[in-house]
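Colleague: Please see the structure below; I have some questions.
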Amino acid sequence: VIVGGGPVGLYLGLCLERAGISYIILEKRSSPRPGSRSLGIHPVSLELFEELNIANSFIRDGVTIQKGHAFLN
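Just so you know, we're using our numbering here: the sequence shown kicks off at 221 and counts up by one.
Take a look at the structure:
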């Protein structure tokens with residue numbers, strides 16, 4: 221049982237599907253939210269996407285940030 225149909229839950233479901241393992245994803249929303257709430261994808265996440273052959277759509281539809289500043293308190 222996977223609780224939550226967000227990025228992590230869907231990623232886990234995809235991994236289980238490809239491994240031939242039965243699963244169910246439980247999500248409280250009846251439909252997806254429009255757009256994305258993600259601010260970015262870290263390189264390690266992109267490497268995981270490459271292993272699943274799904275990275276190209278993120279690269280194609282995403283915007284590359286060349287530089288930026290982060291402020292932590």
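Note that beta-carbon positions come from the ideal geometry of N, C-alpha and C, so glycine has one too.
#1: In chain order, what residues of the same chain have a beta carbon less than 6 angstroms from the beta carbon of Leu236, not counting five sequence neighbours either side?
#2: Identify, in the order they occur along the chain, each residue of the same chain with its Cβ nearer than 7 angstroms to the Cβ of Leu268, setting aside the five sequence neighbours on each side.
#3: What are the complete alpha helix (DSSP H) segments, minimum 4 residues, inside the stretch 237 to 285?
#4: Tell me whether the beta-carbon of Phe278 lies closer than 8 angstroms to the beta-carbon of Leu266.
#5: By DSSP's criteria, Val228 is part of a beta bridge. Which residues make up the other side?
Modeller: Put simply:
#1: Tyr243
#2: none
#3: Counting only runs of 4 or more residues that sit fully inside the stretch 237 to 285, the alpha helix (DSSP H) segments are 263 to 271, 275 to 281, in chain order.
#4: yes
#5: According to DSSP, Val228 bridges with nothing at all.
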